[in-house]
Every structure is written in structure tokens, then in C-alpha cells.
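Residue numbers (this note's numbering), protein chains in the order written: chain A, 670 to 960; chain B, 619 to 844. Everything below concerns the one structure shown next.
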Ligand SMILES: Nc1ncnc2c1ncn2[C@@H]1O[C@H](COP(=O)(O)OP(=O)(O)O)[C@@H](O)[C@H]1O
Ligand SMILES: [Mg+2]
């Protein structure tokens, strides 16, 4: 009973302390939200890109675009003779053109600009590159399109953006900690008489510090919930439309679904926000409130 | 109840208390008298562990205060009531809430708080001002609230550091009388003042401090019947 009453009173004190902080609350929550959103964004970006090329590394299929007038059937035959090749599908240009028109809503049937295409499947992912190398020199082939090649650059971009993002996050985190510390310190100063009275009456240390730490936790929770919103929007609209437009240029046999990752990312953001805030509050209380 | 044995306190190079020894029995009322800077506040702060003595031993009810670990300090303080020269009342809280404030922090139930605060206010004869704010009261009344807050937990020891420092002589005597009546109920009361004259009006034990030294420990005007 007594502990319950104390917890209830800590919550009441927390409410008072939040109310007292007024506009500082908005400042803290804004910067913390930006920091957490950026941090979450970096994680989201990183995990999406990682997912893409993990999947791409596992790709078993590539497309071969043939020159106009090439011997489609015999080329397909020749390729399927290669030991590592499992199967070759011929996509005649008329079919490709139909699919393309359906996808992009063209009504004009004339003037098909597409070549015949072969979809080649290999048995193992690591066979893909040697097979591509081998048939690259066959005559009648205009271009070979396969995913891993496209993503060599992406890997580099990812690691640069990832480090840069984390660096900015770190700088923002330091300013956030400073602002939180100042805010809490201000409340402690303004309530120094109350704190002194509580100390001298023999109130437990954790009751005195408690409200400041829960105040910090409040910042962490609120900011994490706001910060996840832009990430959800990114996930839902931008990322999905990026994927579907991507599939029109690439034969991809998977979906990048990072929604379960987003749950984890949110959890990390929440945990980080709460930990950083409560730790800074705790540090301020141990510095400015003595027994 | 209180034992000081060869107690000294240094603030850096400043010697605030110099080799002080005395005992106080339970239920005694003791004045600590001396000019400003004599070390009165320091002596009191050592008792409630706002400060720690540099040398010697201090014990309250056989508990060694000087070596108490910081997590035990709240328990020490729950067994004493502290009264200040500047009252230390919260201006934005009512009289009732001022007295209840610490009890709420201690997790006392609202029902129990009602009872105890009522009792304490009754004792200082200010029950009718429970809903007033501190600035609506006179200095003497504010200090009586300070006293009510100090005794609300029924502590065996009350420590009052210059409780009349901001009050006129007539009100000061009222406050000392109130503290006397509290000690008569069995509470040990330690009260400091720089006003020698007022102390002479009382027949009590007086510790005289000067420059951190205990220069006199006598009972003034001993009763002819004692
Ligand atoms: N926190 C402190 N730091 C340094 N010196 C102090 C401190 N508190 C008191 N003193 C010094 O200790 C001596 C005794 O002070 P104090 O106990 O406050 O005396 P009183 O209460 O009798 O006026 C004085 O010389 C004072 O300046
Ligand atoms: Mg003093």
C-alpha cells in the first residue's frame, strides 16, 4: 500500500514538474524527436539496403536482351546446355511489349521497341556471375542485366550514408542530452526548497529523484512515438513505390518487406530515448541533489 | 540521548567546532547560545547529518551518527524534527499541505495525514488557519507552523536552529515557551539562539559556544526546590 501511494505521488510530482517546464518541454521533445527519427531513419535505411542486396546475392535469375534478328531459339538452347543453367525462358518481344503496355497503361500497340528476352535461371547463386561472363560474348546479345552488378555502387553508398547518419545522430544526441540536463537542472533549482524539506523529513532518496527521472522517461517515450511517424510514412509510401518501380526494370523474385524490421527499429528508438533521457536526468539529480 | 565526544568540525581550513563534548538526556530542553559564527548551526547540522564531523564521535540513542552511511540518513531524520530560522515554508502551498508535504513523500495515507496534521496544528493553536497560505500569517505564526511540521511525526528529538532569529522578543518568548511545552511531553529539544538575554528568562540548561569552543555548560536559575 505504502509503495503504491509513493508511486502514485511520484507520478503526481512528475506531472507537476512537466507542467512547470512549459515551453522547455516542446524544445526537448522537438530535438529529441528529430534525433530519434534520424537515428531510426539511419537504421531503417541500413536494414532496407542490407535486405536488398542480401536478396540480390541470392538471385538465381538474370535477363538477356537479344539483338533484333538474333536466333532466339538456338541461343536459348545453347545457354541451356551450360551445366550450371537450370532453365531458360523465352519472352518473345510481343509478350514483353504486352506486359509493358499493361503495366504502364499504354494503348498504342504499334512500334514495339522491346527486343526478345531470355530469362535465365542458374542452379546456385554463386554460378550466376560465371554464367553471365560466359554468355556475354555470344553473338546476338545486346545486353545482360543482372542485379548484383547494379548494387556494387549501392554498397558503397550505404556505408558512407550510414556512417554519416550516425555521426549526425551522435552530434544531435549530445545536444539533446545537454538540453535535457539543463531543463531538469532548472526544475531542481526552482524546487530546491521542496527538495530540502523532503530530505530533512527523511523521505527516501528515490522518491526525491524519482519525479525527475520519470520526467526524462516521459520525454523519451513521447519523442519515440512521434519520431516513428515519418518512418512509417516513408515505409508505407515512398519505399513501396520505389520497390514497384524497381521491379519494372529488374526481374526480381522477392519483396523487400521491412515492416517487421520497423517494429524492431521502433523498439530500439524507444529504448534509446528512454535510456538516454533517464540517464541524463539521473546524472543531473545525483549532481544537484545531495542526501 | 545525544552524546558529543571530542567533536571537531573543519570546513577546509576553517575550524567551526573545536573539541566539543557534552551529553543531553532524553526529554531535556537545551539552549545553545553564542554569537554569530560561534558554530551553533554547525553543531545542529552535524546532528541531522547535513554536515559530517571531522573528528570525534556523535551518537543519538546509541546510534553512531558520524559513521552513518548515506542510505541510512533518511531513517535518522525521520526520528527528528528540524526547525529553521527562515521557517522554510512553501509559499504556494496551504498550511495544511506544508505540514503534509513530507508525510506524503513518506507514503503516509491521506487519512493518517489528516489526523496527524490536525493534531500538530492543534498543538500550535493554529488549527483554524489550515487553509491559509504562509504569507497570510505573521512571522510568529509561520514559525509555529514550522514547529507543527517538525513534530508531526512525533519525533523523540527536535532541533531548532535560531527559530526566533527573525522574530521580535515577545514572539520569541512565545516560541520558546511552545518548544518548552513540547519538551515537557518527553521530547528532547535542542534550540540555538544568539540572544543571551531571552535565555535568561528561562530556567534551562545552556551550552555557550564561542569561536567553536564550548565555554560554558550550566543550568541557569536552578530551581530553589530542585
Ligand atoms: N559551509 C561552510 N563552509 C565554510 N565555512 C563555513 C560553512 N558553514 C559555516 N562556516 C564557518 O564556520 C563557522 C561557524 O559557522 P556557523 O556554524 O554557521 O555559526 P553560527 O550558526 O553560530 O552563526 C563560521 O566561521 C562560518 O563562517
Ligand atoms: Mg547559524
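We treat Cβ as the ideally placed atom computed from N, Cα and C, and that holds for glycine.
Among the options, which one has its Cα closest to the Cα of residue i?
i              : options                        : result
residue 945(A) : 879(A), 849(A), 934(A), 747(A) : 849(A)
residue 882(A) : 853(A), 764(A), 782(A)         : 853(A)
residue 884(A) : 906(A), 856(A), 865(A)         : 856(A)
residue 784(A) : 773(A), 811(A), 826(A)         : 811(A)
residue 874(A) : 906(A), 957(A), 687(A), 806(A) : 957(A)
residue 823(A) : 716(A), 864(A), 900(A), 761(A) : 716(A)
residue 721(B) : 888(A), 877(A), 839(A)         : 877(A)
residue 680(A) : 887(A), 937(A), 870(A), 757(A) : 887(A)
residue 773(B) : 734(B), 686(B), 754(B), 707(B) : 734(B)
residue 778(B) : 860(A), 798(A), 869(A)         : 869(A)
residue 829(B) : 835(B), 669(B), 819(B), 634(B) : 634(B)
residue 897(A) : 910(A), 906(A), 866(A), 931(A) : 931(A)
residue 741(A) : 762(A), 772(A), 938(A), 723(A) : 762(A)
residue 629(B) : 799(B), 646(B), 647(B), 655(B) : 655(B)
residue 942(A) : 907(A), 692(A), 672(A), 698(A) : 698(A)
residue 934(A) : 954(A), 901(A), 955(A)         : 901(A)
residue 861(A) : 838(A), 949(A), 954(A)         : 954(A)
residue 801(B) : 787(B), 768(B), 814(B)         : 768(B)
Give the secondary structure of residue i by DSSP, where H, G and I count as helix, E and B as strand, and everything else as coil.
i              : result
residue 742(B) : coil
residue 715(A) : helix
residue 756(A) : strand
residue 812(A) : strand
residue 828(B) : strand
residue 677(B) : strand
residue 672(B) : coil
residue 671(A) : helix
residue 699(B) : strand
residue 694(A) : helix
residue 812(B) : coil
residue 706(B) : coil
residue 825(A) : helix
residue 874(A) : helix
residue 802(B) : helix
residue 953(A) : helix
residue 677(A) : helix
residue 682(B) : strand
residue 807(B) : strand
residue 786(A) : strand
residue 821(B) : coil
What is the residue span of the beta strand (DSSP E) that residue i lies within?
i              : result
residue 661(B) : Where residue 661(B) is concerned, there is no enclosing beta strand (DSSP E), although the alpha helix (DSSP H) it sits in stretches over 658-665.
residue 863(A) : Residue 863(A) -> not in any beta strand (DSSP E); alpha helix (DSSP H) instead, spanning 861-870.
residue 634(B) : 632-642
residue 803(A) : Counting along the chain, residue 803(A) falls outside any beta strand (DSSP E), though it belongs to the alpha helix (DSSP H) covering 797-804.
residue 730(A) : 730-735
residue 712(B) : Residue 712(B) -> no beta strand (DSSP E), and no H or E assigned at all.
residue 649(B) : 647-651
residue 775(B) : 775-778
residue 625(B) : 620-629
Can the beta-carbon of residue i be found less than 7 Å from the beta-carbon of residue j?
i              : j              : result
residue 838(B) : residue 650(B) : no
residue 764(B) : residue 714(B) : no
residue 805(B) : residue 776(B) : yes
residue 832(B) : residue 700(B) : no
residue 672(B) : residue 727(B) : no
residue 808(A) : residue 732(A) : no
residue 729(A) : residue 801(A) : no
residue 797(B) : residue 809(B) : yes
residue 712(B) : residue 749(B) : yes
residue 653(B) : residue 812(B) : yes
residue 707(B) : residue 872(A) : no
residue 880(A) : residue 682(A) : yes
residue 759(A) : residue 787(A) : yes
residue 757(A) : residue 748(A) : yes
residue 807(B) : residue 698(B) : no
residue 718(A) : residue 825(A) : no
Starting from residue i and walking both ways along the alpha helix (DSSP H), at which residues does that stretch end?
i              : result
residue 687(B) : Per DSSP, residue 687(B) belongs to no alpha helix (DSSP H) and is neither H nor E.
residue 838(B) : Looking at the DSSP string, residue 838(B) is not in any alpha helix (DSSP H), and its letter there is neither H nor E.
residue 741(A) : 741-750
residue 764(A) : 762-773
residue 766(B) : 757-769
Heavy atom of ligand 3 less than 6 Å from the Cβ of residue i, yes or no?
i              : result
residue 676(B) : This structure simply doesn't include ligand 3; it includes ligand 1 and ligand 2 instead.
Just the chain E side, please: which residues come within less than 9 Å of residue i by C-beta, in chain order?
i              : result
residue 727(B) : No chain E is present in this structure, whose protein chains are A and B.
Is the segment 680-700 of chain B in contact with the segment 730-746 of chain B, if contact means three or more CB pairs nearer than 8 Å?
No, they do not touch.
Evaluate the contact criterion for the segment 696-709 of chain A versus the segment 835-854 of chain A: three or more CB pairs, one atom per stretch, below 8 Å.
Contact between the segment 696-709 of chain A and the segment 835-854 of chain A is present, because at least three Cβ pairs lie under 8 Å.
Spell out a yes or no on whether the segment 781-788 of chain B and the segment 650-665 of chain B are touching, meaning 3 or more CB-CB pairs, one atom from each, closer than 8 Å.
Below 8 Å, too few C-beta pairs join the segment 781-788 of chain B and the segment 650-665 of chain B to call them touching: fewer than three.
Are the segment 685-704 of chain A and the segment 885-900 of chain A touching by the rule of at least three beta carbon pairs closer than 8 Å?
Yes, the segment 685-704 of chain A touches the segment 885-900 of chain A.
Three or more C-beta pairs under 8 Å: does that hold for the segment 621-630 of chain B against the segment 672-688 of chain B?
Yes, the segment 621-630 of chain B touches the segment 672-688 of chain B.
Is it true that the segment 762-779 of chain B meets the segment 706-722 of chain A, where meeting means three or more beta-carbon pairs spaced less than 8 Å apart?
Verdict: no, contact absent.
Using a Cβ distance threshold of 8 Å, determine whether the segment 815-829 of chain B contacts the segment 641-648 of chain B, with at least three qualifying pairs required.
Output reads yes: the segment 641-648 of chain B touches the segment 815-829 of chain B.
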